[in-house]
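K.L.:
Before I ask anything, here is the structure I am working with.
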Amino acid sequence: MRVGIIGVGNIGSMILEVLNDKAEHEFYIYNRSIERVRKYEVFENVKICSNVKEVYVQSDCTFLCVKPQQTKQVYDTLFEIHEEHGVLVSTAAGKRIEEISQSTGKKNVIRIMPTITSRISIGITAVACSKHVDSSTRHEFEKLLSPLGEVMELEEEKFDAFTVLNSSGPAFVAFILESFIEGAINIGVNPDYARDIVLRTFEGSVKLLEHMSIEPSRLKYLVSSPGGVTIRGLYELEKDGVKGAIMSAIYEAFKRSQEL
Ligand SMILES: NC(=O)C1=CN([C@@H]2O[C@H](COP(=O)(O)OP(=O)(O)OC[C@H]3O[C@@H](n4cnc5c(N)ncnc54)[C@H](O)[C@@H]3O)[C@@H](O)[C@H]2O)C=CC1
Ligand SMILES: O=C(O)[C@@H]1CCC=N1
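Just so we're aligned, residue 2 is where the sequence shown starts under my numbering, counting upward by one.
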């Protein structure tokens, strides 16, 4: 397939590098600052383009991977291209299919919500298609995405909640991991050793929850001895409102996605 990518930052480069793993496709890429794409010059199947139009008219499928605040300029350029070429795929948080379609004048629009963890082919990509995208195009597109991990069709009204959990999620997890590591350093643990133990503990906890098919609350009670070490730490977390703070973070991020 001829795959276009407009905006080759965190997500654009992830899509390019993961989909290019088996060098099955031809890529047409454009980034506003050329420095970010120079490293792809060595790939025979990657053509570095000099504008949005050059990417769009040559691609069967064009991924739009700029920040939500940067989309207007790209939409305006696409609007000036009257013929429709393949499908236009938006990765932007909060941008709805109807708005993308009206602003670009294109009917074949697909909205996806990726996650940075797909760089290692672990993670879910949600997909919603405009009603104009026929089922064979949809299936071909989902096949194209399969190296990213799981691909899931999702109603568009569920995208905001999904964005917070699936796509902002790795940043929230990183924040919690960081808190554990800094807590360990504070009690005198070597930072590298702390990182190792903390990552293993999180990995083991997730795998155990899956293996035993139990809720997190059950795991809490499996570990907490009456009058023991764990319950003292859990008491501090509850007293300091950590659960409420995390719930607020998810709620505020959800509202922000709705605003964009
Ligand atoms: N970073 C993440 O984990 C996730 C990001 N997203 C969405 O993906 C999109 C991209 O996000 P990131 O990759 O993190 O942003 P980024 O800032 O890393 O990448 C955007 C790239 O677009 C380029 N750019 C800006 N305006 C341009 C234009 N007019 N023409 C060509 N290139 C242009 C920038 O130079 C930059 O390299 C956003 O809309 C975001 O909502 C969605 C899920 C996860
Ligand atoms: O922070 C953002 O707005 C984007 C959407 C989800 C992850 N990054």
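Note that CB positions come from ideal geometry on N, CA and C, so glycine has one too. Keep in mind that this is a model prediction, so the values were computed, not measured.
Since G228 is in the beta strand (DSSP E), which residue starts that stretch and which ends it?
P.N.:
Run containing G228: none; DSSP gives neither H nor E here.
K.L.:
CA-CA distance, T126 and S102?
P.N.:
Between T126 and S102, the C-alpha separation is close to 21 Å.
K.L.:
How big is the Cα-Cα spacing for S122 and G228?
P.N.:
Distance between the alpha carbons of S122 and G228 is about 43 Å.
K.L.:
Taking only the alpha-carbon atoms, compute the straight-line gap between E183 and A175 and give it to the nearest angstrom.
P.N.:
Approximately 12 Å, taken between the alpha carbons.
K.L.:
Give every residue whose Cβ lies closer than 6 Å to any heavy atom of ligand 2, listed in chain order.
P.N.:
Chain-ordered list of matching residues: A94, T164, S168, S169.
K.L.:
Answer yes or no: the CB of R37 versus the heavy atoms of ligand 1, is any distance below 7 Å?
P.N.:
It does: the Cβ of R37 is within 7 Å (strictly closer) of some heavy atom of ligand 1.
K.L.:
Under three-state DSSP, which class holds G106?
P.N.:
In the structure shown, G106 sits in coil (DSSP, three-state: anything other than H, G, I, E or B).
K.L.:
Okay, do the stretch 88-102 and the stretch 31-42 touch, 3+ Cβ pairs below 8 Å being the bar?
P.N.:
No contact exists between the stretch 88-102 and the stretch 31-42.
K.L.:
Do you know how far the Cα of E99 is from the Cα of R201?
P.N.:
Roughly 44 Å between the two C-alpha positions.
K.L.:
Would you check whether ligand 1 has a heavy atom nearer than 7 Å to the C-beta of K68?
P.N.:
The answer is yes for K68.
K.L.:
Look at the alpha carbon of L223 and the alpha carbon of T118, and state the distance between them as a whole number of angstroms.
P.N.:
If you take the alpha carbons of L223 and T118, they lie about 30 Å apart.
K.L.:
Pull up the CB-CB distance for V134 and N109, whole angstroms please, since I reckon it's below 8 Å.
P.N.:
Contact holds; Cβ gap of about 6 Å.
K.L.:
Ordered along the chain, which non-local residues of its own chain (more than five positions away) have a Cβ less than 8 Å from that of I232?
P.N.:
Excluding positions up to five away in sequence, the list reads S225, S226.
K.L.:
Which residue marks the beginning of the beta strand (DSSP E) containing M153, and which one marks its end?
P.N.:
First-last of the beta strand (DSSP E) with M153: 151-154.
K.L.:
Evaluate contact between the stretch 3-15 and the stretch 61-76, counting only Cβ atoms and requiring at least three cross-stretch pairs below 8 Å.
P.N.:
With the cut-off at 8 Å, the stretch 3-15 and the stretch 61-76 touch.
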